[in-house]
Every structure is written in C-alpha cells, then in structure tokens.
DNA sequence: TTCCTTAGTTACCAAAAGGTACCCACTTAC
DNA sequence: GTAAGTGGGTACCTTTTGGTAACTAAGGAA
C-alpha cells in the first residue's frame, strides 16, 4: 500500500495526506537548512535589507558572536541559499546576499514577517523558557 | 534620535527600514519561538494533518526522542502556538492542535511547504554539514 | 499473576554547541 | 613604531543539548 501511495503522492504531494514516507517529506531538508539558531534571522536581514557585509550583519544581530555568524553563513552558503562575494582588498570586504534559490523564500519570509508584526502589535512575547 | 525613531517606527514597523532597535525587531520573538530543532516540523504536521496525539507525532517524526518531543511541545504551548488537551483516562490520551494564534502561521507554513516541494522536485538537498 | 498500554518524568551520561581570547594579513593614520 | 580596522581561523573551556534507561498509573488481556 505504501508503495502505491508513494507513486500517487509524487505528483500532488501532501495535498491532504503526508508526503513523507518517514524522512521523505519535502519539508524536511528545507527545515533542516533553516532551523538553526540565527538562520532565519540572517535570511530575513538579507531579504529585507539587501546584500550585507559581515560586519553589518554582526551589528544587526545583537547577541551573536563572530564564530556563530561565520558558521551560519557557511551553512547557508553550503545549502545554496546565499552567496558570498569577496573583494580581496587589504582589509577584506565580504558581502553576503540571497542566492536565486534563496530568493524563493521571500514569500515565506514575508509571510512570517507579517505575522510577526501583527503579534508584536498585540503585545505577544515569549515568557522565558518557551522552546529554550 | 533613536528615541524619536522608536516612536515613529511603532506604527509602520519595518516597511523599508529595520524596525529593530537591536532586539526590537518583530521577527525576533517569533523566530525565537520557532527556530528549535523540530519545532517547525511539528507545527507543519499539526497544520497539514490536523490535531495529533503524542504517539502519532512521535511516529511521524522519524528521529525524535520522547524527551525532545515533550520539550518542543511544551515550548510551543508556552508560546501559545499550540494547545494541549488531556483526557485523563488510564492510559492517558493527549492531543495537540494549533491554537488560534498558531493558526495565523498557516500561510507562512504553506509558503514554506510550497518552496519545499519545488526544491524537492528539483532534486535539491543539503550535502551533510550545512547548518549542522 | 504478570504484561501491555500512553504520555510522560527523572537521573545519568556523552556529545555538541557556543563563548572568549588570541592569531593573521596589509595599509593607513597617529 | 604602533594601533586600528575587516573577516575570519583556531584552541580551549564551559554550557547546553539530547539520548537512554528506568519508573509511574489503572485496568484489561493472557
């Protein structure tokens, strides 16, 4: 039965049923790429502010360390969601931007942002401990 | 100057500029609530499959342990994104569902899912190490 | 009588995440 | 002569995360 369903689902993928034979849900790799601690935040900055240099990102993400930022950026680059452009001047100059693939997340990011603004307006916050 | 901007921004929040005096970006609390390891996955299951019992969730999320699942569910509940309904029969029966607030994420989740399906169709995957 | 069920909780332990400090390169400014 | 500035890399050390195993409760089945 599962074999038959797999065939069927390929085309319509999860319109009502799961499209994931465990580990095959299309959401899995995407969420895996995006669920890191600051990852979505970085993507959102690049989406809303345009290409940014390393230092600018670090400034705009309050609590992050250089090590973390580097790590996340490397991860996003490896996932193909952002690009890294180096101008090898003497103080180096490295700019990050959404890649073409990353740009396909714009709608989803905007959707999140819209909700975020609404909830902020409603005074919604996490009392410490949620998901922490 | 920052004080004045704070006043201005409250109403229009990040239409083009950042609305985040560091730590005040509306995206921050939302992303914080949602960026845990399995969190978005759980939300997506509840969105696409409807209310689910603990055991059903555990089955559908391949590598997760009971401890992790409990922890994430508690976090989402604390954040007000899901509800927890207990029927205190002798083998207990606990059902989780999106809360009203959580339901506001539907559009964003659907957006992510749409992208996820597209990328799956294109054969996109993370070669190990990305964001890990 | 003993086991199985569900949805956890707790204690214990290993592994990973993440912070801090220190290093580099080269040019300019003091 | 030396400090600053950019975008990191590396080592060291602590904190957090997450897995595993054992325990719980009330009743029904074997």
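Protein chains in written order, with my numbering: chain A, 7 to 138; chain B, 7 to 138. The C-beta atom is built at its ideal place from N, Cα and C for all residues, glycine as well. Quick caveat: nothing in here was measured; it's all calculated off a predicted structure.
Nonlocal neighbours in the same chain, by C-beta distance under 7 Å from residue i, ignoring five residues either side
i	result
residue 6(A)	Past the boundaries of the shown model lies residue 6(A); chain A is included only from 7 to 138, so the question cannot be answered.
residue 70(A)	44 and 64
residue 72(A)	64
residue 66(B)	51
Beta-ladder partner(s) of residue i, from DSSP
i	result
residue 99(B)	93(B)
residue 58(B)	102(B)
Presumed contact (8 Å Cβ cut-off) between residue i and residue j, rounded CB distance
i	j	result
residue 6(A)	residue 63(A)	This structure does not reach residue 6(A), given that chain A is present from 7 up to 138, and the question cannot be answered.
residue 122(B)	residue 36(A)	4 Å
residue 108(A)	residue 88(A)	5 Å
residue 118(A)	residue 114(B)	5 Å
residue 112(A)	residue 53(A)	6 Å
Residue range of the alpha helix (DSSP H) that includes residue i
i	result
residue 35(A)	33-40
residue 132(A)	No alpha helix (DSSP H) holds residue 132(A); DSSP gives it neither H nor E.
residue 122(B)	112-127
residue 86(A)	Per DSSP, residue 86(A) belongs to no alpha helix (DSSP H) and is neither H nor E.
8 Å CB neighbourhood of residue i in its chain, flanking five on each side removed
i	result
residue 56(B)	103
residue 42(B)	78 and 81
Cutoff 6 Å; reference residue i; Cβ partners in own chain excluding five residues on either side
i	result
residue 10(B)	Caution is warranted here: a pLDDT of 34 is assigned to residue 10(B), below 50, making its placement in the model unreliable, and no coordinate value can be reported.
residue 92(A)	100
residue 97(B)	none
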